[in-house]
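Written out below as structure tokens is the structure these notes cover.
Residue numbers (our numbering), protein chains in the order written: chain A, 1 to 257; chain B, 1001 to 1352; chain C, 2001 to 2283.
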């Protein structure tokens, strides 16, 4: 009995975890206009509808641009800060670290609302730029923490050696530190990317005409019940899974070898 | 890095964050309801004029007015607004006069021209584009259609747990008022106390309170059998597959909604904006708007009928409109203060 | 320490991130806090130092209820998620053969990458009156009439728990595999039962990880708008939902700001309450 119990629990847990995904994907193939039982047989028409939807395709591209851009900025800033704090004795470094981590403990809604008020007061129009700024705010702590945690002692010697050989601060950084920390930086980048790609409330509050995918899906959801929502959800899932598995196989597996 | 260089970096980042928002030639920025975002409606206009129409949806009039008041000249060109709220936008000086002679107001159903709302001091500020009813949608296979003719039976104990309420305070409060014999037109602060018990009862017997899609989902999936505040706009999209989902106007009457479209005073592209209004209120645009993928509704322009199929007209109940118009009242049009009171009462009802 | 470059450069490296956080996080937060002390006269904003909005939150029943609802839901979700995720992480860490662990873990968190908005919507379809769950229960003869699951607090909690079980499984697993097997062995050698080993050795050692995960769950859950909005059927409103109503329908920025400050205050209290176990920089 006690031998079976863990496996039973594992199966139940996986059942729970995959239940909504299964229903989502199954009814994306619904032949009919309602994504609820009974299932009327497989059809690909909703995928056709998604691919033909200009708004959705544009939103997908916008999301990708914002995700890549904001993650790159967050990683760059996070890396520099981590380097500064790990390699230099700074006054009040504990306070600095806390300040950089702070946005992590605040709801996205509050980050979005604060920026909305400030942009509104300053007369700065809302756009993908403003959403991107918000995404950097929420991803910067994450990138900083991940990269800072990876800054161990093993790079210090290599950096010192490079410095002794006459390399300037920036060359040490670019030629020694960054390559040695590449796995952590990449992991931070991809994680930040998935967060930005899927972030809704900040993008919802801070965009105007050009919106990101979650915002477009939200209005799709609000404006009608349709297996099209299932289809776009399934597509996003498949794309993300391919990305994650690719990352797993090419980045992490290689690192462990 | 010196502090000065840092400051420079900061300002550069800020500057690049400022998008070039100067109204580019050939774009039109419209603040709209979701039915205007249907490409089938917008693309013909874009093609005909070689322009790009940017659309942004909004939820409540209060929020739309705040967005417009905070915006800079040229940010917005066209506004779609609740017919009853046009006066608020006009009072705030947000709407520009329209060339009434170029708009075929004579083709509109007379009941929905709504001159009292859309015009002020003889000047036309907005045009009605679409209308319909907030009434009772139901599943004819699950409830007794005769019961649906009496509002007080609809939300009685008999259907406890089988009701969804449309999450928009104005029409639902309008229905509650009508059920209590209060005219929506005269609904005042004193009447709120009178309709509060009705709302509380409705809420107590309801399974859910939801916006368009969740009420639709609830009805289509059998979660509920009745949607208070529903109407053709809720069930028309489902008509093909689930003909048992229908709607009626109860004996006491129901609430009528109407949406208007206007050009903004701060627009720097008024000619194009007027063209857009003419397109939306013209027969073809009207037919497309009436059958928009987000929600259906009667076109204000009677000549749109030439562009609608017989089947579409049946779903819209084209031929029964005269009777419906006579038996419905526009939904309440509160001023800012009363509006705040009504929203508080609504949230109080939801949280009871 | 030797080999460290001078302070000046160090500051230069930290400055961009710090300036960004200052300009786009702390300043907006300060402005929002100031906004919470302003009032709305009709539609025009009156800046000042008024406590009106906070008084309104304290005295208006639906606002007080929103805070209670948010706290209740978040507490329930956090507890259930931890209770469900701990065994799962445990099984993956100690029962699944090592070569399959990575796969099991990836599989356990894969649905994490469905679109957040869509995931809540999927639960709506699953929990509907004619959805998969009800149909399965009816087919198995457990119930005769479909249960009302969608548009309830149960639905909101289910949607949240689904998300956070994945998140917590990941953080707790990371904690468990870091434990040296020697601890368990030593406990067993000293005659501890499996439960005693867990209670007195494993649990205390993994507590920081669990608390960190639970705190993250708390923060993300109490601030979320999407899940209760899609799954709760507006049968009760959480603080984020009330904030969004203030913004979307009335543009009442002062009240929305005050509610946000309150939300922030609750999170801070939760932080202080769990601070001694938190390892935020070690996520």
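Yeah, the Cβ is synthetic: ideal placement off N, Cα and C, and Gly gets one too. Just so we're clear, the structure is a prediction, and the values are computed from it rather than from any experiment.
Sixteen is the threshold: when 16 or more other Cβ atoms of the shown chains lie within 10 Å of the Cβ of residue 1155 of chain B, as they do, the residue is buried. Taking the Cα of residue 1256 of chain B as reference, the smallest distance to any Cα among B/1286, B/1145, B/1128 and B/1274 is reached at B/1128. Within 9 Å of the CB of residue 84 of chain A, the CB atoms of chain C belong to 2009, 2010, 2011, 2012, 2013, 2014, 2015 and 2017, in sequence order along the chain. Of all residues in the stretch 1052-1069 of chain B, those with a C-beta nearer than 8 Å to a C-beta of chain A are 1054, 1055, 1056 and 1057, reading in chain order. Per the coordinates, the alpha-carbon of residue 2181 of chain C lies some 22 Å from the alpha-carbon of residue 7 of chain A. Separation of the CB atoms of residue 175 of chain A and residue 78 of chain A is rounded to 20 Å, and the pair is thereby denied contact status at 8 Å. In the structure shown, the three-state DSSP call for residue 1142 of chain B is coil. Beta-bridge partners of residue 1256 of chain B (DSSP): B/1133 and B/1330. Judged by DSSP in its simplified three-state form, residue 2190 of chain C adopts coil rather than helix or strand. Across the stretch 190-204 of chain A, CB contacts with chain C closer than 7 Å involve 194, 198, 200 and 201, in sequence order along the chain. Residue 1163 of chain B is bridged by DSSP to B/1206 and B/1226. In this structure, residue 221 of chain A lies near residue 2117 of chain C, with their beta-carbon atoms less than 8 Å apart.
Taking a 10 Å sphere around the C-beta of residue 1123 of chain B, we find fewer than 16 other C-beta atoms and assign the residue as exposed.
Per DSSP, the beta bridge partners of residue 1261 of chain B are B/1080 and B/1127. When the alpha-carbon of residue 1115 of chain B is set against those of B/1083, B/1334, B/1184 and B/1214, the nearest one is in B/1083. A straight-line Cα-Cα distance of about 9 Å links residue 2109 of chain C and residue 2163 of chain C. Under the three-state reduction of DSSP, residue 1028 of chain B is assigned to strand.
For the pair residue 1227 of chain B and residue 1309 of chain B, the CB atoms are not nearer than the 8 Å cut-off.
Beta-carbon to beta-carbon, residue 107 of chain A and residue 2226 of chain C are separated by about 12 Å, too far to satisfy the 8 Å threshold.
Taking 8 Å as the threshold, the shortest C-beta distance from residue 2148 of chain C to chain A does not fall below it. The DSSP-derived three-state label of residue 1309 of chain B is coil. Ranked by Cα distance from residue 1278 of chain B, the options B/1075, B/1207, B/1098 and B/1091 are led by B/1098. In the structure shown, residue 1183 of chain B adopts coil according to DSSP, grouped into three states.
The DSSP-derived three-state label of residue 1147 of chain B is helix.
Residue 113 of chain A counts as buried, since no fewer than 16 other beta carbons sit within 10 angstroms of its beta carbon. Take the alpha-carbon of residue 1224 of chain B and the one of residue 2134 of chain C: they are about 15 Å apart. Here the C-alpha atom of residue 64 of chain A lies approximately 14 Å from the C-alpha atom of residue 235 of chain A.
Under the three-state reduction of DSSP output, residue 191 of chain A falls in the helix class. Looking at the DSSP output, residue 1052 of chain B shares a beta bridge with B/1027. Per the DSSP secondary-structure output, residue 2041 of chain C pairs in a beta bridge with C/2044.
With the rule of 3 Cβ pairs closer than 8 Å, the stretch 1060-1071 of chain B does not count as touching the stretch 1105-1121 of chain B. Within the same chain, and ignoring the five residues on either side of residue 1042 of chain B in sequence, the residues whose Cβ sits closer than 6 Å to its Cβ are 1053. Here the C-alpha atom of residue 156 of chain A lies approximately 24 Å from the C-alpha atom of residue 98 of chain A. By the criterion of at least three beta-carbon pairs nearer than 8 Å, the stretch 1244-1258 of chain B is not in contact with the stretch 1057-1065 of chain B.
Per DSSP, the continuous beta strand (DSSP E) segment holding residue 1245 of chain B begins and ends at 1245-1248.
When the five nearest sequence neighbours on each side are left out, the beta carbons in the same chain lying within less than 7 Å of the beta carbon of residue 2052 of chain C are those of 2039, in order along the chain.
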